[in-house]
Structure formats: C-alpha cells, structure tokens
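Sequential numbering from 0 applies to the sequence shown in numbering that gives the first Met the number 0. Built from N, CA and C at the ideal position, the CB exists for glycine as well.
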Amino acid sequence: MVSAGGPVREDRAVTEARTVPDLKAFLPAADGIVDPLPWQLGDSEAQRKRSRGRVSALAHQVAGLLAGGWTEAQIRAALQTVADAETAPDAGAQERRWRTALKRAGHERRERQRVVAESQP
C-alpha cells in the first residue's frame, strides 16, 4: 500500500493483536459474579435504570478480565475485599469501590507476574 507520504507497511500481526476479544462468551460467567453483589437499586424507576446500567458495565469489565485469563475465583476474591460496599450511599459509589478493588487486584497480579519473571534465569 502506498500513501502520499510513501509506502505504508501493513502488519496484520500487530492489527490482530490489538483487537478487542469477543466478550459474549464470557458474559454469562461475568453475570454470575456481578449479579449476586449487594447492589442498591434505588427507589425510583430512573435510579433502577441507572443501577442496571452500572451492573451491566461492571459485568462487561469482569468479562474482559475473564477473557484476559483471570479466574472466577480471583475476581470474586478481589470483589470480596470491599467490606463497605453495602454501606455505600448509592449504586455509583458501590461500582466505584468494586472497580477500585479490581484495579488493585490487577496491580497485585501484574506485580506477582513481574517478580516471577525476574526470578527466572
């Protein structure tokens, strides 16, 4: 392929490596993890609708983690570290706490992988 600035190299391997995995296969397992969480759905229809959106968004994040090699047990353990989720003022605060726990677990997981990789000759 040639552009105005000169030849452009198309590298299919790079393009394929950057594609987003199809999460549909992982959504049932993700729903099984996220649905039992103690969500505060709210009193009005608008609050419940926003809460359902938050549940769906967190389920998609969990599906992405499952697609990335996490186990259900690892994700459940990370979510269980949030002791005060039930006392959060609303579903938005709950979602932020659970996402923070997943982010923290991800950092710990990467650090463990780094240490293992460095310890190998």
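Query	Result
Under 8 angstroms, with one C-beta from each stretch per pair, do the segment 88 to 95 and the segment 110 to 119 reach the 3-pair mark?	no
With the cut-off set at 8 angstroms, would you say L26 and A56 are in Cβ contact?	no
Whose C-beta lies closer than 7 angstroms to the C-beta of E85 among residues of the same chain, with five residues either side of it excluded?	P37
To the nearest angstrom, report how far apart E44 and V81 are at their CA atoms.	27 angstroms
How big is the Cα-Cα spacing for M0 and T18?	For M0, the predicted model reports a pLDDT of 46, less than 50, meaning its position is unreliable; a value from the coordinates is still stated below. Their Cα atoms are separated by approximately 21 angstroms.
When the Cα of L65 is compared with those of R49, G31 and D83, which residue comes out closest?	G31
With respect to the alpha helix (DSSP H) encompassing K48, which residues constitute its N-terminal and C-terminal limits?	E44 to A66
Nearest to D83 by alpha carbon, out of A72, K48 and W97?	W97
Where does E41 fall in DSSP's three states?	It should be pointed out that residue 41 corresponds to Gly in this sequence rather than to Glu. In this structure, G41 counts as coil in the three-state DSSP scheme.
Using only CA atoms, which one of G68, Q60 and L101 lies nearest to Q121?	Residue 121 lies beyond the residue range present for the chain, which begins at 0 and ends at 120; the question has no answer from this structure.
Compare the beta carbon distance of Q28 and E71 with 8 angstroms and say whether it is the shorter of the two.	What sits at residue 28 in the sequence shown is Ala, not Gln. Contact flag set, yes.
Consult DSSP for P27 and reduce its assignment to one of helix, strand or coil.	helix
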